[in-house]
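Engineer: Counting with the working numbering, you get residues 27 to 211 for the letters of the sequence shown.
Think of the CB as a built atom: it goes at the ideal place given N, C-alpha and C, for glycine as much as any other residue.
Values in this document were obtained by computation on a predicted structure and should not be read as measured data.
Right, I'll just put the structure down here and ask away after.
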Amino acid sequence: MTDTQDTASFPRVSGRSKGYDPDAVDSFLTEARAAFESAEPSVSAAQVRAAAFPLVRDGYDVAPVDAALARIEDAFARRERADALSRKGARAWVGASRKLAQEVLDRLSRPARRRFRRVPLLRFGYRIEEVDLVAGRIARYLETGEGLSIEQVRTVAFRMQLGGYDEAQVDAVLDAVVDVMLSVG
27 MTDTQDTASF PRVSGRSKGY DPDAVDSFLT EARAAFESAE PSVSAAQVRA AAFPLVRDGY
87 DVAPVDAALA RIEDAFARRE RADALSRKGA RAWVGASRKL AQEVLDRLSR PARRRFRRVP
147 LLRFGYRIEE VDLVAGRIAR YLETGEGLSI EQVRTVAFRM QLGGYDEAQV DAVLDAVVDV
207 MLSVG
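What follows is the structure in structure tokens.
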């Protein structure tokens, strides 16, 4: 995992700002490094993507930690892809990636405002118009190869609205898109 960053070099926030808990970040990065160096990794690219840390005063600045986690996720994904190719063969790996991409495309090709489950009217969910805009962009990427980077998908953020799209469902599809993008390298 040559892309990891020495945790001592993460800048810390100051004043009233909060950043990631240094102990939690350092612990996760130590576990991730050990897993990556192990013959039987106990951490996956998806687990790196899902890592979350408490916010505390005098914590690590969020942006550099998130950037390091993205590089670590990429390293795990490359390793997982290589392992799967050697175990299953290229045809099976491509077939599984193509199947996942088609499932995502089918979801994103639904009519606008009906692509995802909605939360009850008195609860907050992701802003429908913003999600639909991103969904269209991802669909074009999957259909035509229109330019879209993994970083754009990883860092997309939506405002909230009452009766919006269910966050968990949207996030799961975005994670699947990242998986597809990582699988094709």
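Determine whether the beta carbon atoms of V74 and A58 lie at a separation below 8 Å.
Structural biologist: Contact flag set, yes.
Engineer: Using the C-alpha atoms, what's the distance from R136 back to P212?
Structural biologist: Given that the chain is displayed from residue 27 to residue 211, the structure contains no residue 212 and the question cannot be resolved.
Engineer: What do you reckon, is the C-beta of I176 under 7 Å from a heavy atom of the ligand COA?
Structural biologist: By its list of ligands, the structure shown contains no ligand whatsoever, and the ligand COA lies outside what it can speak to.
Engineer: To which residues of the same chain is F150 closer than 8 Å at the C-beta, ignoring the five residues directly before and after it?
Structural biologist: M186, Q187, L188, G190.
Engineer: According to DSSP, is R124 part of a helix, a strand, or is it coil?
Structural biologist: The answer is helix: DSSP assigns R124 an H, G or I state.
Engineer: For S43 and G162, I'd like the C-alpha separation in whole angstroms.
Structural biologist: Computed Cα separation, rounded: 35 Å.
Engineer: Could you check where the beta strand (DSSP E) with R83 kicks off and where it finishes?
Structural biologist: Start and end: 81-83.
Engineer: How should R141 be labelled, buried or exposed, when 16 other C-beta atoms within 10 angstroms of its C-beta is the threshold for buried?
Structural biologist: Buried, by the Cβ-count rule.
Engineer: Measure from the alpha carbon of Y46 to the alpha carbon of each residue in V88, E63, S64, then state which is nearest.
Structural biologist: Among V88, E63, S64, the Cα nearest to that of Y46 belongs to V88.
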